[in-house]
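Engineer: Just so you know, the sequence shown maps onto residues -7 to 271 in this note's numbering. Just passing along the structure, written as structure tokens.
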Amino acid sequence: MQIVHTAAALRTALADTEHSACVPTMGNLHAGHVSLVELAKRHGAPVVASIFVNPLQFGAGEDFERYPRTLDADCARLAAAGCDLVFAPDVTEMYPVPQRYTVAVPSAMANDLCGAFRPGHFNGVATVVLKLFNLIRPRIAVFGKKDFQQLHVIRELVRQFNLPIEILAGDTLREADGLAMSSRNGYLSPAERIQATQLHRALEDVGAAVERGARDFDTLAATAARHLKMTGWRVDYVAVRDTGTLAVPKPDSTRLIVLGAATLGTTRLIDNIEVSLKA
Ligand code: PAF
-7 MQIVHTAAAL
3 RTALADTEHS
13 ACVPTMGNLH
23 AGHVSLVELA
33 KRHGAPVVAS
43 IFVNPLQFGA
53 GEDFERYPRT
63 LDADCARLAA
73 AGCDLVFAPD
83 VTEMYPVPQR
93 YTVAVPSAMA
103 NDLCGAFRPG
113 HFNGVATVVL
123 KLFNLIRPRI
133 AVFGKKDFQQ
143 LHVIRELVRQ
153 FNLPIEILAG
163 DTLREADGLA
173 MSSRNGYLSP
183 AERIQATQLH
193 RALEDVGAAV
203 ERGARDFDTL
213 AATAARHLKM
223 TGWRVDYVAV
233 RDTGTLAVPK
243 PDSTRLIVLG
253 AATLGTTRLI
263 DNIEVSLKA
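Here it is in structure tokens:
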């Protein structure tokens, strides 16, 4: 596996490549990322993983500085997973001049769900992903479903800008107790780690009620949020949405998703579960 740090070296490494599949990451990789590389390998070659902690998508007071930088361990994992090339630029390589041109995600999406609590986050994600796509020029790109709103934003980015890239979605990998794998789980104290599974369980409870026929989504979501708050979480949102549009479900929506974001101690976690209704 080759590791490159500059756009020029990346261009050279990919000179004769037409069908690459890319897996953009911020590093601190876990089994969930490995599963995205495996998915990429089934659809394109070579597989290019990027590792870049993107300052543009972090707000003031968020964890940009403390986000774990674990390049050597990440490269060992990627090599074992069969990744062919790693692009690991530093901030000046990705942003050699101040990034004055940015992608403006429509405010209905940029300021909804996670966007309501992380102003500018999705503009920062869309901007760096567009830059990574232009640098890597992949035919396939793989993103995890755990960041479902991000996946939606990137699908729209590709559609709106006619990018010749197929977006594949990788399923969320979970720990044995149901906690969604996330680089941020490492921030949790042992006690918080035990408690963290409550977020997933709260979303499952909402999903189960919806499957049983409940349709008062706001009440279900508010009840789940209240239970989480009672056990010490600071809840940003719990919401039931249409999986395809991420909008509030219509009466004929058959694919729904229950999404939640909440903070335990100083660690903000997100998760979601999909629910299919019988038509
Ligand atoms: O999901 C992530 O790790 C990041 O948001 C991404 C897509 C690599 C952009 O920085």
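Heads up, the beta-carbon is just placed ideally off N, CA and C, and yes, glycines get one too. Note that the structure is predicted; figures quoted are calculated from it, not measured.
Closer than 8 Å is the cut-off here; do at least three beta carbon pairs connect the stretch 251 to 270 with the stretch 133 to 141?
Structural biologist: yes
Engineer: Where does SER175 sit, in a helix, a strand or coil, going by DSSP?
Structural biologist: Residue mapping note: residue 175 aligns to position 183 of the sequence shown, counting from 1. It is helical.
Engineer: Can VAL95 and LEU122 be called in contact, C-beta distance under 8 Å?
Structural biologist: Numbered from its first residue, the sequence shown carries residue 95 at position 103. Numbered from its first residue, the sequence shown carries residue 122 at position 130. Contact: yes.
Engineer: Any heavy atom of ligand 1 closer than 7 Å to the beta-carbon of PHE135?
Structural biologist: Taking the first residue of the sequence shown as 1, we reach residue 135 at position 143. Remark: the shortest separation between the CB of PHE135 and any heavy atom of ligand 1 falls under 7 Å.
Engineer: Can you name, in chain order, every residue of its own chain whose Cβ lies under 8 Å from the Cβ of ALA37, other than the five neighbours on each side?
Structural biologist: Looking up residue 37 in the sequence shown gives position 45. Cβ within range, chain order: HIS11, SER12, ALA13, ASP76.
Engineer: Tell me, please, which residues DSSP counts as bridged to ILE265.
Structural biologist: Taking the first residue of the sequence shown as position 1, residue 265 is located at position 273. Note: ILE265 sits in a beta bridge opposite VAL250.
Engineer: Just curious, the alpha helix (DSSP H) that PHE121 is in, first and last residue?
Structural biologist: For the purposes of this step, residue 121 is taken as the residue at position 129 of the sequence shown. Here residue 121 is Val; the residue named in the question, Phe, does not match the sequence. 113 to 128 is the span of the alpha helix (DSSP H), which, as asked, contains VAL121.
Engineer: Let me check one thing: in DSSP terms, what residues is THR255 bridge-paired to?
Structural biologist: By 1-based counting over the sequence shown, the position of residue 255 is 263. Paired residues: ARG226, ARG260.
Engineer: With DSSP as the reference, label ARG218 as helix, strand or coil.
Structural biologist: Position 226 of the sequence shown, counted from the start, is the residue given in the question as residue 218. DSSP places ARG218 in helix when its eight states are reduced to three.
Engineer: Look at the Cβ atom of LYS221, then the Cβ atom of ASP234, and state whether they are nearer than 8 Å.
Structural biologist: Within the sequence shown, the letter at position 229 stands for residue 221. Within the sequence shown, the letter at position 242 stands for residue 234. One thing to note: LYS221 has its Cβ no nearer than 8 Å to the Cβ of ASP234.
Engineer: I need the boundaries of the beta strand (DSSP E) containing ILE157, first residue and last residue.
Structural biologist: The residue labelled residue 157 in the question sits at position 165 within the sequence shown. ILE157 -> no beta strand (DSSP E), and no H or E assigned at all.
Engineer: Could you say which of ARG207, VAL134, GLY224 lies nearest to SER42 if we only look at CA atoms?
Structural biologist: Reading the sequence shown from its first residue, position 50 is the one you call residue 42. When only C-alpha atoms are compared, the closest one is VAL134.
Engineer: Whose C-alpha, out of THR119, PRO60, LEU127, is nearest the C-alpha of PHE79?
Structural biologist: On the sequence shown, position 87 is the one that residue 79 refers to. Looking from the CA of PHE79, the closest CA among THR119, PRO60, LEU127 belongs to LEU127.
Engineer: With a threshold of 7 Å on Cβ separation, who are the neighbours of LEU28 within its own chain once the five nearest residues in sequence on each side are excluded?
Structural biologist: As a working note, residue 28 is residue 36 in the sequence shown. These residues qualify, in order along the chain: VAL15, VAL134, GLY136, GLY162.
Engineer: Any heavy atom of ligand 1 within a distance shorter than 7 Å of the CB on GLN49?
Structural biologist: Within the sequence shown, residue 49 is the residue found at index 57, counting from 1. Yes, Cβ of GLN49 sits closer than 7 Å to a heavy atom of ligand 1.
Engineer: Give a yes or no on whether the C-beta atoms belonging to GLY51 and HIS113 are separated by under 8 Å.
Structural biologist: Taking the first residue of the sequence shown as 1, we reach residue 51 at position 59. Taking the first residue of the sequence shown as 1, we reach residue 113 at position 121. Cβ atoms of GLY51 and HIS113: closer than 8 Å.
Engineer: Any contact between the stretch 243 to 252 and the stretch 181 to 196? By contact I mean 3 or more CB pairs, one from each, below 8 Å.
Structural biologist: yes
Engineer: What residues come near ligand 1, if near means a beta carbon less than 6 Å from any of its heavy atoms?
Structural biologist: Those satisfying the condition are, in chain order, PRO16, THR17, MET18, ASN46, GLN49, VAL117, VAL120, VAL121, ASP139, GLN142.
Engineer: Run through DSSP, which three-state label would GLN142 get?
Structural biologist: Taking the first residue of the sequence shown as 1, we reach residue 142 at position 150. Here GLN142 sits in helix by DSSP.
Engineer: Got a sec, what are the start and stop residues for the alpha helix (DSSP H) PRO60 sits in?
Structural biologist: One-based indexing of the sequence shown puts residue 60 at position 68. Per DSSP, PRO60 belongs to no alpha helix (DSSP H) and is neither H nor E.
Engineer: So what does DSSP say about THR9, is it helix, strand or coil?
Structural biologist: Within the sequence shown, the letter at position 17 stands for residue 9. DSSP places THR9 in coil when its eight states are reduced to three.
Engineer: Among GLN152, LEU48, THR62, which one has its Cα closest to the Cα of PHE56?
Structural biologist: Within the sequence shown, the letter at position 64 stands for residue 56. The option with the nearest alpha carbon to PHE56 is LEU48.
Engineer: What's the C-alpha gap between ILE132 and LEU155?
Structural biologist: Along the sequence shown, one-based indexing puts residue 132 at 140. Along the sequence shown, one-based indexing puts residue 155 at 163. Near 11 Å, if we compare the C-alpha coordinates of LEU155 and ILE132.
Engineer: Which runs of the beta strand (DSSP E) fall wholly inside the stretch 47 to 113 and span at least 3 residues, in chain order?
Structural biologist: 77 to 79
Engineer: Give me the residue from VAL(-4), PRO111, LEU31, PRO88 with the minimum Cα distance to CYS67.
Structural biologist: Mapped onto the sequence shown, residue 67 falls at position 75. Comparing Cα positions, the closest option is VAL(-4).
Engineer: From what residue to what residue does the beta strand (DSSP E) around ALA133 run?
Structural biologist: Counting from 1 along the sequence shown, the entry for residue 133 is found at position 141. In the DSSP assignment, ALA133 falls within the unbroken beta strand (DSSP E) covering 132 to 136.
Engineer: Identify which residue in PHE209, ILE146, THR255 has its Cα closest to the Cα of HIS192.
Structural biologist: Residue numbering aside, residue 192 sits at position 200 when the sequence shown is read from its first letter. Ranked by Cα distance from HIS192, the first of PHE209, ILE146, THR255 is THR255.
Engineer: Give the straight-line distance between the Cα atoms of PRO60 and GLY19, rounded to the nearest whole angstrom.
Structural biologist: Your numbering for residue 60 matches position 68 in the sequence shown. Your numbering for residue 19 matches position 27 in the sequence shown. C-alpha separation (whole angstroms): 8 Å.
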